[in-house]
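Visitor: Residue numbers (the UniProt record's numbering): 1 to 301.
Every residue gets a Cβ at the ideal spot worked out from N, C-alpha and C, and that includes glycine.
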Amino acid sequence: MVLADLGRKLNSALSQFSRVPSVDQEALDALLKEICAALLESDVNVKLVSSLRQKVKAKVKAALDTGADKGREGQRKNIVQKAIFDELVHLVDPGVEPYKPRKGYPNVIMAVGLQGNGKTTTCTKLAVHYQKRGFKSCIVCADTFRAGAFDQTRQSATKAKVAYFGSYTETDPVSIAAQGVEKFKKERFDVIIVDTSGRHKQESELFQEMVQISEAVKPDMTVLVLDASIGQAAEAQSRAFKDSADFGAIIVTKMDGHAKGGGAISAVAATKTPIIFLGVGEHLADLDKFAPQPFISKLLG
Ligand code: GDP
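#1: Suppose you measure from the CA of residue 304 to the CA of glycine 134; what does that come to, to the nearest Å?
#2: Going by DSSP, what residue range makes up the beta strand (DSSP E) through phenylalanine 277?
#3: Cα-Cα, which of Leu114, Gln81 and Ala285 is closest to glutamine 131?
#4: Contact between the region 233-241 and the region 120-131 is defined here as three or more beta-carbon pairs at a separation below 8 angstroms; is this criterion met?
#5: Quick one: grab the DSSP three-state call for lysine 183.
#6: What is the residue span of the beta strand (DSSP E) that alanine 228 lies within?
#7: Can you give the Cα-Cα distance for asparagine 78 and glutamate 87, rounded to whole angstroms?
#8: According to DSSP, is leucine 284 part of a helix, a strand, or is it coil?
#9: Name the residue from Lys57, Gln75, Pro21 and Ser15 whose alpha carbon lies nearest to the alpha carbon of aspartate 29.
#10: Locate the alpha helix (DSSP H) running through residue 302, then write down its first and last residues.
#11: To which residues of the same chain is leucine 278 closer than 6 angstroms at the C-beta, ignoring the five residues directly before and after it?
#12: Give me, in chain order, the residues of the same chain whose beta-carbon lies closer than 6 angstroms to that of phenylalanine 145; leave out the 5 immediate sequence neighbours on both sides.
#13: With the cut-off set at 8 angstroms, would you say isoleucine 35 and isoleucine 84 are in Cβ contact?
#14: Taking only three categories from DSSP, how would you classify valine 112?
#15: Please report the distance separating the alpha-carbon of leucine 40 from that of isoleucine 213.
#16: Does DSSP classify lysine 196 as helix, strand or coil?
#17: Assuming leucine 52 and leucine 91 are in contact, meaning their beta carbons sit under 8 angstroms apart, how far apart are those beta carbons, in whole angstroms?
#18: So what's lysine 61 in DSSP terms, helix, strand or just coil?
And the structure:
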């Protein structure tokens with residue numbers, strides 16, 4: 001089920017609930033059943049869904065026990081609706097503030113993720129985003145694994161009018177990353193984005209490379225780039241990258257497509273790491289800032 005369908009299902013469950021004559025256990029259970037089924041169909045991790053159900057129940061019970069409904073049916077509905085909204089927000093909010101680049105300082109951002117997830121595209125989108133906000137931005141292509149990676153960076157960076165660094169001959173990604181970051185630091189760039197190699201699968205070689213590049217460039221923020229269509233595999237994949245690259249932020253790409261999105265959302269809870277942007281298309285401007293509350297409000301229409 002794509003994200004827009006999830007929104008519609010959640011919405012329909014909530015509006016059905018708003019019409020029940022009395023908020024009793026049966027009505028609450030029916031609502032939670034619908035909400036949880038919709039989340040599961042969207043690939044949200046089963047443990048997260050079960051925890052959402054428990055937390056909503058506990059919150060509603062606690063509120064009713066203290067008489068917060070003042071004996072009024074409408075008030076009881078508000079309590080339930082708020083508990084659901086808050087727990088949906090909680091799904092995408094690990095309660096951790098992401099790193100915020102500051103001007104006049106060489107903020108090094110390292111992007112990691114499996115091949116095809118949209119890493120190179122996202123690096124250019126990020127550079128454009130920061131450049132527009134007055135940060136002198138650039139990209140270092142440390143992907144020596146994929147043939148044509150540097151060409152792709154060169155083309156998209158040129159199109160975006162963003163400075164770039166890479167090599168057709170150097171085969172050591174750690175050396176390229178270190179050289180590029182050093183060069184751009186000397187040239188007083190504010191945002192230095194390091195694009196790294198991916199692989200089709202999670203492999204120990206890739207994770208070792210991430211550790212080495214990370215030690216060489218000492219990123220201020222490492223970003224995991226995750227494809228929204230990844231489904232339930234998101235949890236294992238994000239945990240594996242967390243162990244090697246210890247990323248502090250997530251960007252979910254291809255949110256414009258037919259992806260369910262719930263898997264990527266589960267990566268937030270699995271790694272206690274905030275989503276900072278959503279990739280919503282192939283163009284350089286297709287990058288939306290992510291914030292938990294507005295995202296859930298928009299999802300619920
Ligand atoms: P990498 O291997 O991780 O560096 O992936 P690329 O940046 O080469 O992207 C792989 C494909 O995904 C390309 O065709 C991109 O145009 C496409 N892509 C990346 N981000 C998005 C997005 O947010 N939406 C859509 N629809 N396509 C995207």
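Guide: Looking at the coordinates:
#1: Residue 304 lies beyond the range of the chain shown here (1 to 301); nothing can be said about it.
#2: 275-279
#3: Ala285
#4: no
#5: helix
#6: That residue, alanine 228, is in no beta strand (DSSP E); it is neither H nor E in DSSP.
#7: 14 angstroms
#8: coil
#9: Lys57
#10: The structure shown does not extend to residue 302, since the chain spans only 1 to 301, so no value can be given for it.
#11: Val252, Met255, Asp288 and Phe290
#12: Ser197
#13: yes
#14: strand
#15: 37 angstroms
#16: The residue asked about is misnamed: residue 196 is threonine in this sequence, not lysine. It is a strand residue.
#17: 7 angstroms
#18: helix
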